[in-house]
Amino acid sequence: MWNVTDWRKVVFSDESRFVLGTDDKRVRVWRRPGERCNSPPHCSTSHCPHSWCNGLGAIAYDSRSPLIVMCGTLTGQRYVDDILRSHVGPFLNGLPGVVFQQDNARPHTAIVAQDFLRHFQSLSWPARSPRFVPCRACVGLAKTADNIVSLCT
791 MWNVTDWRKV
801 VFSDESRFVL
811 GTDDKRVRVW
821 RRPGERCNSP
831 PHCSTSHCPH
841 SWCNGLGAIA
851 YDSRSPLIVM
861 CGTLTGQRYV
871 DDILRSHVGP
881 FLNGLPGVVF
891 QQDNARPHTA
901 IVAQDFLRHF
911 QSLSWPARSP
921 RFVPCRACVG
931 LAKTADNIVS
941 LCT
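So my numbering is basically just the index in the sequence shown, starting at one, shifted up by 790.
Now the structure itself:
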């Protein structure tokens, strides 16, 4: 059973996607109050390339990584080159004895990413397990979504 001292050694990481436009191919539906299903909705779609970005970060008991902003698709190799090697590795090396935790997103489970992370102690994260990611607070590092948008554009 883990105690508070054990959990203080864990570095949690996660990412969030920020849509800067409506290129995520979702259909937005606007209805006036009271219209619920009484009339056909007004729908809007847009297909603008790269109008989204990812904000990534890590937190520990008494520290946090810088917020990393990336536009485009995150592959396993890009995860290693642009995030793990450049940001996460140095952050973990500055915190001796920590245990790294990440979810099982595809870039995280790529062989190239697992090879890089074998140099660090990591928590295993079962596939399709419920999300327990306190790092959603990392989004707060940017203060507001507007700051993230300004970093992406």
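Don't be surprised by glycine CBs; every beta carbon is placed ideally from N, CA and C. These figures come from a predicted structure and were not determined experimentally.
Rounded to the nearest angstrom, what separates residue i and residue j at their Cα positions?
i	j	result
residue 872	residue 799	24 Å
residue 875	residue 883	11 Å
residue 901	residue 855	24 Å
residue 897	residue 886	25 Å
residue 791	residue 913	14 Å
residue 801	residue 895	17 Å
residue 908	residue 853	23 Å
Between the options, which has its C-alpha nearest residue i's C-alpha?
i	options	result
residue 794	851, 844, 804	851
residue 842	854, 889, 892, 806	806
residue 862	809, 911, 901, 903	809
residue 910	895, 894, 893, 880	880
residue 865	899, 853, 908	899
residue 797	906, 888, 868, 859	888
List the residues that DSSP assigns as beta-bridge partners of residue i.
i	result
residue 842	809
residue 801	890
residue 848	803
residue 1017	Shown here, the chain extends from 791 to 943; a query on residue 1017 therefore has no answer.
residue 912	890
Any C-beta of chain D sitting closer than 8 Å to the C-beta of residue i?
i	result
residue 896	The chain inventory of the structure shown lacks chain D, comprising one protein chain alone.
Leaving out five residues before and five after residue i in sequence, what residues of the same chain have Cβ atoms less than 8 Å from its Cβ?
i	result
residue 878	803, 848, 855, 890
residue 903	866, 869, 870, 874, 897
Report all residues from its chain with a CB closer than 6 Å to the CB of residue i; omit the five preceding and five following residues, and keep chain order.
i	result
residue 906	870, 874
residue 860	844
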